[in-house]
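Here the structure comes first, spelled out in C-alpha coordinates, and everything after it is commentary.
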Amino acid sequence: MSPAAYLFPFLAIVFWAGNVIVSKMAASAISPTAITFYRLVLAIALLSPFLARPIWRNRDAIRRHWWQLAIGGLLSMALFQALSYRAAESTTATNMAIVTALIPLLTAILSAALLGEPVTVGMAAGGLLSFGGILYLVGHGDIGAVLAQGAHLGDVLMLFAALAYSLYGVLLKRWRMAIPAWQSTYMQAAFALVFMFPLFLALPAGTATLDARTVPLIAYAGIFSSIILTFFWIQGVKLLGPNRCAIFINLLPVLTAGLAIALLDEPMRAYHVIGGGISLAGVLIAQTVQRPLFAARASLAR
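Residue numbers (UniProt numbering): 1 to 302.
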(Lines of atoms letter the chains of each structure in order from A; the text may use other names.)
(Lines give C-alpha, C1' and ligand atoms only; values in the text may rest on other atoms or scores of the structure.)
Protein backbone atom coordinates (compact mmCIF):
# COMPACT_ATOMS: atom_id res chain seq x y z
CA MET A 1 0.00 0.00 0.00
CA SER A 2 1.37 3.41 -1.04
CA PRO A 3 2.13 5.72 1.90
CA ALA A 4 0.15 8.40 0.04
CA ALA A 5 -3.04 6.42 0.75
CA TYR A 6 -2.75 7.35 4.42
CA LEU A 7 -3.12 11.01 3.49
CA PHE A 8 -6.83 10.49 2.75
CA PRO A 9 -7.99 9.60 6.30
CA PHE A 10 -5.45 12.00 7.81
CA LEU A 11 -6.75 14.97 5.78
CA ALA A 12 -10.32 13.91 6.54
CA ILE A 13 -9.54 14.17 10.26
CA VAL A 14 -7.85 17.54 9.71
CA PHE A 15 -11.06 18.85 8.14
CA TRP A 16 -13.09 17.22 10.92
CA ALA A 17 -11.00 19.07 13.51
CA GLY A 18 -11.67 22.25 11.57
CA ASN A 19 -15.37 21.50 11.72
CA VAL A 20 -15.22 21.27 15.51
CA ILE A 21 -13.60 24.72 15.59
CA VAL A 22 -16.28 26.07 13.22
CA SER A 23 -18.95 24.59 15.51
CA LYS A 24 -17.47 26.51 18.43
CA MET A 25 -17.26 29.74 16.42
CA ALA A 26 -20.84 29.32 15.26
CA ALA A 27 -22.14 28.92 18.81
CA SER A 28 -22.23 32.69 19.37
CA ALA A 29 -23.09 33.67 15.80
CA ILE A 30 -25.99 31.55 14.51
CA SER A 31 -28.59 29.05 15.67
CA PRO A 32 -27.49 25.37 15.57
CA THR A 33 -30.63 24.60 13.56
CA ALA A 34 -29.85 27.34 11.06
CA ILE A 35 -26.24 26.36 10.35
CA THR A 36 -27.24 22.69 10.06
CA PHE A 37 -29.95 23.67 7.56
CA TYR A 38 -27.73 26.02 5.54
CA ARG A 39 -24.83 23.55 5.29
CA LEU A 40 -27.21 20.91 3.91
CA VAL A 41 -28.63 23.34 1.36
CA LEU A 42 -25.13 24.30 0.22
CA ALA A 43 -23.88 20.70 0.01
CA ILE A 44 -26.91 19.55 -1.97
CA ALA A 45 -26.67 22.54 -4.32
CA LEU A 46 -23.00 21.81 -5.06
CA LEU A 47 -23.46 18.04 -5.50
CA SER A 48 -26.68 18.13 -7.56
CA PRO A 49 -25.04 18.81 -10.97
CA PHE A 50 -22.87 15.71 -10.54
CA LEU A 51 -25.33 13.35 -8.88
CA ALA A 52 -28.81 14.22 -10.17
CA ARG A 53 -28.58 12.03 -13.27
CA PRO A 54 -26.93 8.99 -11.60
CA ILE A 55 -29.54 9.14 -8.84
CA TRP A 56 -32.38 9.30 -11.38
CA ARG A 57 -30.97 6.28 -13.20
CA ASN A 58 -30.70 4.43 -9.89
CA ARG A 59 -34.12 5.58 -8.62
CA ASP A 60 -35.55 2.05 -8.28
CA ALA A 61 -32.83 0.99 -5.82
CA ILE A 62 -33.11 4.29 -3.96
CA ARG A 63 -36.90 3.88 -3.71
CA ARG A 64 -36.44 0.45 -2.13
CA HIS A 65 -34.13 1.87 0.53
CA TRP A 66 -35.76 5.26 1.05
CA TRP A 67 -36.64 4.71 4.72
CA GLN A 68 -33.13 3.50 5.53
CA LEU A 69 -31.66 6.54 3.79
CA ALA A 70 -34.08 8.73 5.76
CA ILE A 71 -33.01 7.24 9.10
CA GLY A 72 -29.36 7.56 8.10
CA GLY A 73 -29.85 11.22 7.23
CA LEU A 74 -31.65 11.86 10.50
CA LEU A 75 -28.90 10.29 12.61
CA SER A 76 -25.74 11.40 10.78
CA MET A 77 -26.58 14.76 9.23
CA ALA A 78 -29.45 16.15 11.27
CA LEU A 79 -29.07 14.88 14.86
CA PHE A 80 -25.28 14.57 14.95
CA GLN A 81 -24.64 17.99 13.44
CA ALA A 82 -27.39 19.87 15.30
CA LEU A 83 -26.43 18.34 18.66
CA SER A 84 -22.76 19.14 17.99
CA TYR A 85 -23.54 22.79 17.30
CA ARG A 86 -25.75 22.95 20.39
CA ALA A 87 -23.04 21.31 22.52
CA ALA A 88 -20.55 23.95 21.38
CA GLU A 89 -22.57 26.57 23.25
CA SER A 90 -21.57 25.12 26.64
CA THR A 91 -18.38 23.08 26.25
CA THR A 92 -14.94 23.52 24.73
CA ALA A 93 -13.80 22.41 21.30
CA THR A 94 -11.24 20.13 22.94
CA ASN A 95 -13.93 18.37 25.00
CA MET A 96 -16.09 17.99 21.90
CA ALA A 97 -13.26 16.33 20.00
CA ILE A 98 -12.41 13.93 22.82
CA VAL A 99 -16.04 12.80 23.12
CA THR A 100 -16.31 12.50 19.33
CA ALA A 101 -13.25 10.25 19.32
CA LEU A 102 -15.29 7.71 21.32
CA ILE A 103 -17.30 6.90 18.17
CA PRO A 104 -15.27 3.76 17.25
CA LEU A 105 -15.70 2.38 20.78
CA LEU A 106 -19.41 3.22 20.90
CA THR A 107 -19.85 1.63 17.48
CA ALA A 108 -18.22 -1.58 18.70
CA ILE A 109 -20.46 -1.67 21.78
CA LEU A 110 -23.62 -1.06 19.74
CA SER A 111 -22.51 -3.69 17.20
CA ALA A 112 -22.30 -6.23 20.01
CA ALA A 113 -25.71 -5.21 21.35
CA LEU A 114 -27.61 -4.92 18.06
CA LEU A 115 -25.78 -7.17 15.62
CA GLY A 116 -24.70 -9.92 17.99
CA GLU A 117 -21.00 -9.37 17.30
CA PRO A 118 -18.74 -10.88 19.97
CA VAL A 119 -17.72 -8.76 22.93
CA THR A 120 -13.93 -8.56 22.98
CA VAL A 121 -11.48 -8.17 25.83
CA GLY A 122 -10.41 -4.87 24.29
CA MET A 123 -13.99 -3.63 24.16
CA ALA A 124 -14.62 -4.41 27.84
CA ALA A 125 -11.31 -3.08 29.16
CA GLY A 126 -11.20 -0.14 26.74
CA GLY A 127 -14.79 0.82 27.50
CA LEU A 128 -14.15 1.01 31.24
CA LEU A 129 -10.91 2.93 30.71
CA SER A 130 -12.53 5.42 28.33
CA PHE A 131 -15.49 5.94 30.65
CA GLY A 132 -13.12 6.75 33.50
CA GLY A 133 -11.17 9.15 31.30
CA ILE A 134 -14.33 10.97 30.21
CA LEU A 135 -15.48 11.32 33.84
CA TYR A 136 -12.07 12.77 34.74
CA LEU A 137 -12.26 15.15 31.77
CA VAL A 138 -15.76 16.51 32.30
CA GLY A 139 -15.12 16.77 36.05
CA HIS A 140 -12.03 18.91 35.36
CA GLY A 141 -9.93 16.38 37.21
CA ASP A 142 -12.46 15.62 39.95
CA ILE A 143 -14.52 12.47 39.26
CA GLY A 144 -16.34 12.96 42.54
CA ALA A 145 -17.71 16.30 41.32
CA VAL A 146 -19.25 14.64 38.28
CA LEU A 147 -20.89 11.95 40.38
CA ALA A 148 -22.24 14.55 42.81
CA GLN A 149 -23.27 17.35 40.44
CA GLY A 150 -23.60 15.69 37.05
CA ALA A 151 -21.83 16.50 33.80
CA HIS A 152 -21.99 19.77 31.87
CA LEU A 153 -24.85 19.98 29.36
CA GLY A 154 -22.52 20.45 26.40
CA ASP A 155 -20.55 17.29 27.17
CA VAL A 156 -23.78 15.29 27.56
CA LEU A 157 -25.15 16.62 24.27
CA MET A 158 -21.88 15.75 22.55
CA LEU A 159 -22.09 12.21 23.92
CA PHE A 160 -25.61 11.87 22.50
CA ALA A 161 -24.31 13.18 19.17
CA ALA A 162 -21.55 10.55 19.19
CA LEU A 163 -24.11 7.86 20.05
CA ALA A 164 -26.32 8.95 17.14
CA TYR A 165 -23.39 8.72 14.72
CA SER A 166 -22.31 5.36 16.14
CA LEU A 167 -25.83 3.97 15.71
CA TYR A 168 -25.75 5.25 12.14
CA GLY A 169 -22.57 3.28 11.45
CA VAL A 170 -24.03 0.11 12.96
CA LEU A 171 -27.23 0.40 10.93
CA LEU A 172 -25.26 0.91 7.72
CA LYS A 173 -23.35 -2.27 8.49
CA ARG A 174 -26.60 -4.13 9.10
CA TRP A 175 -28.46 -2.84 6.05
CA ARG A 176 -25.62 -3.04 3.48
CA MET A 177 -27.51 -0.95 0.92
CA ALA A 178 -26.43 -1.58 -2.68
CA ILE A 179 -26.21 2.15 -3.45
CA PRO A 180 -22.98 3.95 -4.42
CA ALA A 181 -21.48 5.93 -1.54
CA TRP A 182 -21.93 9.39 -3.07
CA GLN A 183 -25.54 8.72 -4.04
CA SER A 184 -26.25 7.44 -0.53
CA THR A 185 -24.60 10.51 1.02
CA TYR A 186 -26.59 12.85 -1.23
CA MET A 187 -29.94 11.21 -0.47
CA GLN A 188 -29.23 11.17 3.26
CA ALA A 189 -28.46 14.89 3.08
CA ALA A 190 -31.73 15.47 1.22
CA PHE A 191 -33.73 13.61 3.87
CA ALA A 192 -31.87 15.44 6.65
CA LEU A 193 -32.84 18.73 4.99
CA VAL A 194 -36.49 17.63 5.05
CA PHE A 195 -36.22 16.91 8.79
CA MET A 196 -34.55 20.26 9.50
CA PHE A 197 -36.90 22.41 7.40
CA PRO A 198 -39.79 22.66 9.91
CA LEU A 199 -37.32 23.45 12.71
CA PHE A 200 -35.72 26.11 10.52
CA LEU A 201 -39.10 27.75 9.83
CA ALA A 202 -39.82 27.84 13.58
CA LEU A 203 -36.63 29.75 14.44
CA PRO A 204 -37.03 33.12 16.17
CA ALA A 205 -36.24 36.18 14.06
CA GLY A 206 -32.57 37.09 13.93
CA THR A 207 -31.16 33.65 14.76
CA ALA A 208 -30.60 32.57 11.15
CA THR A 209 -28.91 35.68 9.82
CA LEU A 210 -26.55 35.42 6.85
CA ASP A 211 -23.77 37.98 7.22
CA ALA A 212 -20.02 38.42 6.98
CA ARG A 213 -19.54 36.42 10.17
CA THR A 214 -21.82 33.46 9.47
CA VAL A 215 -21.35 32.90 5.72
CA PRO A 216 -17.69 31.72 6.00
CA LEU A 217 -18.70 29.29 8.77
CA ILE A 218 -21.53 27.89 6.63
CA ALA A 219 -19.21 27.68 3.61
CA TYR A 220 -16.67 25.63 5.57
CA ALA A 221 -19.38 23.36 6.98
CA GLY A 222 -21.06 22.87 3.61
CA ILE A 223 -17.98 22.48 1.41
CA PHE A 224 -15.05 21.21 3.47
CA SER A 225 -16.92 19.27 6.16
CA SER A 226 -19.80 17.89 4.10
CA ILE A 227 -18.11 17.25 0.73
CA ILE A 228 -14.31 17.26 0.82
CA LEU A 229 -14.08 15.48 4.18
CA THR A 230 -16.53 12.84 2.93
CA PHE A 231 -14.53 12.33 -0.28
CA PHE A 232 -11.26 11.86 1.60
CA TRP A 233 -12.85 9.45 4.08
CA ILE A 234 -14.50 7.36 1.36
CA GLN A 235 -11.20 7.15 -0.52
CA GLY A 236 -9.36 6.19 2.66
CA VAL A 237 -11.83 3.40 3.45
CA LYS A 238 -11.60 2.18 -0.14
CA LEU A 239 -7.79 2.01 -0.05
CA LEU A 240 -7.08 1.08 3.59
CA GLY A 241 -10.28 -0.45 4.93
CA PRO A 242 -12.56 0.85 7.71
CA ASN A 243 -10.50 -0.47 10.64
CA ARG A 244 -7.28 1.29 9.65
CA CYS A 245 -9.17 4.50 8.97
CA ALA A 246 -10.97 4.36 12.32
CA ILE A 247 -7.63 4.55 14.13
CA PHE A 248 -7.09 8.03 12.63
CA ILE A 249 -10.05 9.30 14.68
CA ASN A 250 -7.68 9.15 17.67
CA LEU A 251 -5.88 12.13 16.14
CA LEU A 252 -9.01 14.28 16.30
CA PRO A 253 -8.54 15.58 19.88
CA VAL A 254 -4.86 16.36 19.27
CA LEU A 255 -5.51 18.32 16.07
CA THR A 256 -8.56 20.04 17.51
CA ALA A 257 -6.72 21.06 20.69
CA GLY A 258 -3.94 22.60 18.61
CA LEU A 259 -6.41 24.56 16.50
CA ALA A 260 -8.42 25.59 19.56
CA ILE A 261 -5.32 26.98 21.26
CA ALA A 262 -4.25 28.85 18.12
CA LEU A 263 -7.63 30.13 16.93
CA LEU A 264 -9.91 30.24 19.97
CA ASP A 265 -7.39 30.93 22.76
CA GLU A 266 -8.70 27.88 24.63
CA PRO A 267 -6.35 26.91 27.47
CA MET A 268 -4.89 23.42 27.63
CA ARG A 269 -5.34 22.04 31.14
CA ALA A 270 -3.81 19.00 32.78
CA TYR A 271 -7.22 17.31 32.95
CA HIS A 272 -7.50 17.57 29.15
CA VAL A 273 -4.23 15.71 28.73
CA ILE A 274 -4.86 13.12 31.46
CA GLY A 275 -8.57 12.51 30.90
CA GLY A 276 -8.30 12.69 27.11
CA GLY A 277 -5.23 10.45 27.10
CA ILE A 278 -6.91 7.81 29.26
CA SER A 279 -10.05 7.93 27.12
CA LEU A 280 -8.13 7.60 23.86
CA ALA A 281 -6.02 4.78 25.28
CA GLY A 282 -9.26 2.95 25.96
CA VAL A 283 -10.44 3.50 22.39
CA LEU A 284 -7.12 2.21 21.04
CA ILE A 285 -7.30 -0.91 23.25
CA ALA A 286 -10.85 -1.56 22.03
CA GLN A 287 -9.71 -1.30 18.42
CA THR A 288 -6.61 -3.46 18.69
CA VAL A 289 -7.36 -6.20 21.27
CA GLN A 290 -9.83 -8.41 19.41
CA ARG A 291 -9.79 -11.60 21.53
CA PRO A 292 -13.37 -12.61 22.46
CA LEU A 293 -14.10 -11.89 26.12
CA PHE A 294 -16.18 -14.96 26.88
CA ALA A 295 -13.77 -17.31 25.11
CA ALA A 296 -11.03 -15.87 27.29
CA ARG A 297 -13.13 -16.52 30.41
CA ALA A 298 -13.78 -20.09 29.32
CA SER A 299 -10.08 -20.77 28.81
CA LEU A 300 -9.29 -19.38 32.27
CA ALA A 301 -11.96 -21.63 33.82
CA ARG A 302 -10.29 -24.70 32.28
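Yeah, the Cβ is synthetic: ideal placement off N, Cα and C, and Gly gets one too.
The structure presented is a predicted model; accordingly, all values stated were derived computationally and were not measured.
First through last residue of the alpha helix (DSSP H) which encompasses residue i
i	result
H272	A270 to T288
Y85	F80 to A87
T107	I103 to L115
S76	It is not in any alpha helix (DSSP H) - S76 carries neither H nor E in the DSSP assignment.
M93	First, the residue type needs correcting, since residue 93 is Ala and not Met in the sequence shown. Run containing A93: A93 to T100, per the alpha helix (DSSP H) assignment.
N243	P242 to I247
I62	R59 to R64
DSSP-derived helix/strand/coil call for residue i
i	result
P216	helix
P292	strand
T256	helix
T33	helix
T120	strand
L300	Bear in mind that a pLDDT of 48 at L300, under 50, signals an unreliable position, so the model cannot answer this.
A26	helix
I143	helix
M177	coil
D211	coil
N19	helix
P204	coil
A225	According to the sequence as given, residue 225 is Ser; it is not Ala. Residue state, collapsed to three classes: helix.
A151	coil
S90	coil
P267	coil
S2	coil
Beta-carbon separation (whole angstroms), residue i vs residue j, contact threshold 8 Å
i	j	result
F37	A164	That belief does not hold up - the Cβ atoms of F37 and A164 are roughly 17 Å apart, past 8 Å.
A108	A286	6 Å
T91	D155	5 Å
M196	T33	7 Å
T214	I44	Between I44 and T214 the Cβ distance is about 19 Å, and since that is not below 8 Å, they are no contact.
L83	L167	That belief does not hold up - the Cβ atoms of L83 and L167 are roughly 13 Å apart, past 8 Å.
L240	K173	Actually they are not in contact, since the Cβ atoms of L240 and K173 sit about 17 Å apart, beyond 8 Å.
N250	A101	6 Å
V99	A27	That pair is no contact at about 16 Å.
I35	L217	7 Å
A192	A78	4 Å
Buried versus exposed, by CB contacts within 10 Å (16 or more), residue i
i	result
F232	buried
A260	buried
N243	exposed
T288	exposed
A113	exposed
L129	buried
K24	buried
F294	exposed
R39	buried
M47	With the sequence shown as reference, residue 47 is identified as Leu, and Met is not the correct amino acid for it. Result: buried.
V22	buried
A17	buried
L137	buried
P104	buried
Q183	buried
F8	buried
F50	exposed
S2	exposed
R176	exposed
R86	buried
G144	exposed
L280	buried
A246	buried
A97	buried
Closer than 7 Å: residue i CB and nearest the ligand ATP heavy atom
i	result
A202	This structure lacks the ligand ATP; in fact it carries no ligand of any kind.
is_contact[residue i, chain D] using C-beta, thresh 8 Å
i	result
T36	Chain labels in this structure do not include chain D; a single protein chain is all it has.
For the stretch 6–24 against the stretch 245–257, do three or more pairs of beta-carbon atoms, one drawn from each stretch, fall closer than 8 Å, so that the two count as touching? yes
Is the stretch 52–64 close to the stretch 221–232, with three or more CB pairs under 8 Å? no
Cβ contact (3+ pairs, closer than 8 Å) linking the stretch 65–75 and the stretch 169–188: yes
Three or more beta-carbon pairs under 8 Å between the stretch 116–134 and the stretch 263–272, yes or no? Flag = no, the stretch 116–134 and the stretch 263–272 do not touch.
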